[in-house]
Amino acid sequence: MTTVQDPIVIALDIADARLSERLLALLAPLPELRLARPGEPADLVLATAGAQPVPVPEPDTALTRRELEVLDLLAEGASNKGIARRLGISVHTAKFHVGSLLDKLDATGRTDAVAQAVRQGVIHL
């Protein structure tokens with residue numbers, strides 16, 4: 001009897017887009033591997049020499065799935081009303097999530113939150 005093991009989560013931090021795409025094509029079909037989603041901690045990081053290390057978020061500051069969705073919409077320039085409409089939540093809830101992001105990312109505003117997230121490797125533009 002075989003046991004199913006969780007796949008190893010891999011993050012790529014490679015500036016060369018062609019090399020990154022080739023690695024993605026090679027790794028994607030392997031069932032024992034899974035590519036990390038933006039902001040997700042990885043078991044293994046593949047990076048080119050000289051690349052900045054991918055920060056691993058502290059457990060108390062890790063972003064929730066919903067916060068990552070809100071962050072993606074912030075990066076698109078969405079307002080609280082736009083975020084609420086796209087996610088099917090109230091404007092008040094959208095505002096709450098934005099405030100939580102600002103706190104967790106230690107940002108001074110919406111633009112700074114996106115910039116901090118990019119610097120920390122949480123999202124890629």
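Just so you know, the working numbering puts 40 at position 40 of the sequence shown, and the rest follows in order with no gaps.
Just so you know, even glycine gets a beta-carbon here, dropped at the ideal spot from N, CA and C.
By Cβ distance below 8 Å, which residues in the same chain neighbour I8 in space, the five residues on each side in sequence not counted?
Counting from 1 along the sequence shown, the entry for residue 8 is found at position 8. Cβ neighbours of I8 beyond the five flanking positions: E32, L33, R34, D43, L44.
The alpha helix (DSSP H) enclosing R22, as first and last residue numbers
If you number the sequence shown from 1, residue 22 lands on position 22. R22 -> alpha helix (DSSP H) spans 17-27.
Alpha helix (DSSP H) runs contained entirely in the segment 69-96, provided each spans 4 or more residues:
80-87
Cβ shell of A36 (< 6 Å), same chain only, five flanking positions each side left out:
As a working mapping, residue 36 is identified with position 36 in the sequence shown. Hits under 6 Å: V9, A11, A42.
With a threshold of 8 Å on Cβ separation, who are the neighbours of T108 within its own chain once the five nearest residues in sequence on each side are excluded?
Mapped onto the sequence shown, residue 108 falls at position 108. Once the five neighbours on either side are set aside, the close Cβ partners of T108 are L102.
Are the CB atoms of V122 and L46 nearer to each other than 8 Å?
The count along the sequence shown starts at 1 and reaches residue 122 at position 122. The count along the sequence shown starts at 1 and reaches residue 46 at position 46. Against a cut-off of 8 Å, the Cβ pair of L46 and V122 comes out as no contact.
Cβ-based burial, E21 [other Cβ within 10 Å; buried from 16]:
Stepping through the sequence shown from its first residue, residue 21 is reached at position 21. Exposed: under 16 other Cβ atoms inside 10 Å.
Measure the CB-CB distance between L73 and G39 and report whether it falls below 8 Å.
The residue labelled residue 73 in the question sits at position 73 within the sequence shown. The residue labelled residue 39 in the question sits at position 39 within the sequence shown. No; because the gap between Cβ atoms is not below 8 Å, this pair is not in contact.
If I'm right that K81 touches V91 with Cβ under 8 Å, what's the distance once you round it to whole angstroms?
Here the question's residue 81 lines up with position 81 in the sequence shown. Here the question's residue 91 lines up with position 91 in the sequence shown. That belief holds up - the Cβ atoms of K81 and V91 are roughly 6 Å apart, short of 8 Å.
Quick check: the Cα distance between R85 and A94, rounded to an integer number of angstroms?
Along the sequence shown, one-based indexing puts residue 85 at 85. Along the sequence shown, one-based indexing puts residue 94 at 94. Each residue's Cα considered, the two are about 9 Å apart.
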